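Student: Quick one: the structure is below, and I'll ask about it shortly.
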Amino acid sequence: MSYLDLFQSGELLQRICAAWQRLQSCDLCPHDCGINRLSGETGICRSGALPKIASANVHRGEEPPISGSRGSGTIFFSNCNLSCRFCQNFPISQLGNGGELSIRELAEKMLKLQRQRVHNINLVTPSHFLPQFLAALYIAIKEGFNLPIVWNSNGYENVDVLQLLDGVVDIYLPDMKYADDAPARALSGAPGYAGINRLAVREMLRQVGHLQVDDEGIGTRGLIVRHLVLPNQQAGSTKTLPWIAENLGEATHVALMSQYFPAHMALATPGIDRALNADEYDAAVEALEEAGLENGWVQELEKERRPV
């Protein structure tokens, strides 16, 4: 089932109503702030009723099945439900750079990107604006929108909220940031991240399965897990990678990222106040190989991706 089927059956409209209702006592993410965003209250994500974005452009720097030859139509949503001390996009996620726009204007951004012939619409950190996205999608469909949807998230998600996206999202691109809760709380303000994240990626896999690509190698459906290796084993890479193989399957596509550097408040945070070194990343690559995860991408420390 696709979002076009959901639109035709009326199910998409029902989901929009259900999602919008949750804004009255917001429980879209595991923080469960319980505030009324429709009346102007804001919680941990600092977001209200209107969507807020920093940019909507053609982007060519994602994994090859996402960027392809024509680029990904990437919409960067402002703010975030995490407060990562090392966030490399902190002007957008933490400082809230960007501007509010109407639901129709968000739909028009999606339609404009489609006219630019991108392979997909790539929603970056969209979880706190899920109801607004669904409403924009509904408008866009009526005007001919039909591109695959990529849900590019930090992975701190509620399963019952993700179920609103079943049949809507074509490709899930979540982070698996931490294997243990102590660093998740200290570095990202994310209580219970490890367990919540693992339930979320299981649900994502249930919805879309393993990555499928077309004849040109462009992703059409499936899951890609991102894992950023942190200094001093803070991310728990040697725990997360075996977990992926054992619980999601060795066919899972994994992007093992080496691009960590001490951005935002990281220089003032013991344990992550320096760049990643080669030994630390090599240990994560070894764990990836030992887990039997042969699909995906590893990086050089110079950020150049190469196939596993």
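Sequential numbering from 1 applies to the sequence shown in our numbering. Glycine included, each C-beta is placed from N, C-alpha and C at the ideal position. Source: prediction; values computed, not measured.
Tell me the DSSP secondary structure of Q94 in three-state form.
Tutor: Taking the first residue of the sequence shown as 1, we reach residue 94 at position 94. The answer is coil: DSSP assigns Q94 none of H, G, I, E or B.
Student: Measure the C-alpha to C-alpha separation of E63 and A278 and round it to an integer number of angstroms.
Tutor: The sequence position of residue 63 within the sequence shown is 63, counting from 1. The sequence position of residue 278 within the sequence shown is 278, counting from 1. For E63 and A278, the distance between alpha carbons rounds to 22 Å.
Student: Taking C-beta to C-beta, are P174 and S153 nearer than 8 Å?
Tutor: As a first step, residue 174 is located in the sequence shown; it is residue number 174 there, counting from the start. As a first step, residue 153 is located in the sequence shown; it is residue number 153 there, counting from the start. Yes.
Student: Out of curiosity, what's the CA-to-CA distance linking W297 and L211?
Tutor: On the sequence shown, position 297 is the one that residue 297 refers to. On the sequence shown, position 211 is the one that residue 211 refers to. Whole-angstrom Cα-Cα distance: 13 Å.
Student: Figure out for me which residue from A135, R104, F90 has the closest Cα to the Cα of T125.
Tutor: What you label residue 125 is simply residue 125 of the sequence shown in a count that begins at 1. The candidate whose alpha carbon is nearest that of T125 is F90.
Student: Who are the Cβ neighbours of S39 in its own chain at under 7 Å, not counting the five residues just before and after it?
Tutor: Against the sequence shown, residue 39 aligns to sequence position 39. Around S39: no qualifying Cβ.
Student: For S153, which beta-bridge partners are listed by DSSP?
Tutor: Translated into the one-based positions of the sequence shown, residue 153 becomes position 153. None; S153 has no bridge partner.
Student: N79 to G217, Cα distance in whole Å?
Tutor: Walking along the sequence shown from the start, residue 79 turns up at place 79. Walking along the sequence shown from the start, residue 217 turns up at place 217. N79 and G217 have their C-alpha atoms roughly 32 Å apart.
Student: So, at 7 Å on beta carbons, what are the nonlocal neighbours of G48 in its own chain, with the 5 sequence-adjacent residues on each side left out?
Tutor: Locating residue 48 in the sequence shown gives position 48, where the first residue counts as 1. Cβ neighbours of G48 beyond the five flanking positions: R37, G40, T42.
Student: Terminal residues of the continuous alpha helix (DSSP H) containing V124?
Tutor: The count along the sequence shown starts at 1 and reaches residue 124 at position 124. V124 -> not in any alpha helix (DSSP H); beta strand (DSSP E) instead, spanning 121–124.
Student: At a cut of 8 Å, does the stretch 183–197 reach the stretch 225–244 through at least three beta carbon pairs?
Tutor: Output reads yes: the stretch 225–244 touches the stretch 183–197.
Student: What span of residues does the alpha helix (DSSP H) with T42 cover, start to end?
Tutor: Your numbering for residue 42 matches position 42 in the sequence shown. T42 -> no alpha helix (DSSP H), and no H or E assigned at all.
Student: Consult DSSP for V225 and reduce its assignment to one of helix, strand or coil.
Tutor: Here residue 225 corresponds to residue number 225 of the sequence shown, with the count starting at 1. In this structure, V225 counts as strand in the three-state DSSP scheme.
Student: Taking I16 and Y138 to be in contact with their CB atoms under 8 Å, please state how far apart those CB atoms are, rounded to whole angstroms.
Tutor: Sequence index remark: in the sequence shown, residue 16 carries index 16 (1-based). Sequence index remark: in the sequence shown, residue 138 carries index 138 (1-based). Going by Cβ atoms, the distance from I16 to Y138 rounds to 6 Å, so yes, they are a contact pair.
Student: Helix, strand or coil for F76, going by three-state DSSP, please let me know.
Tutor: Translated into the one-based positions of the sequence shown, residue 76 becomes position 76. DSSP places F76 in the strand class (E or B) of the three-state scheme.
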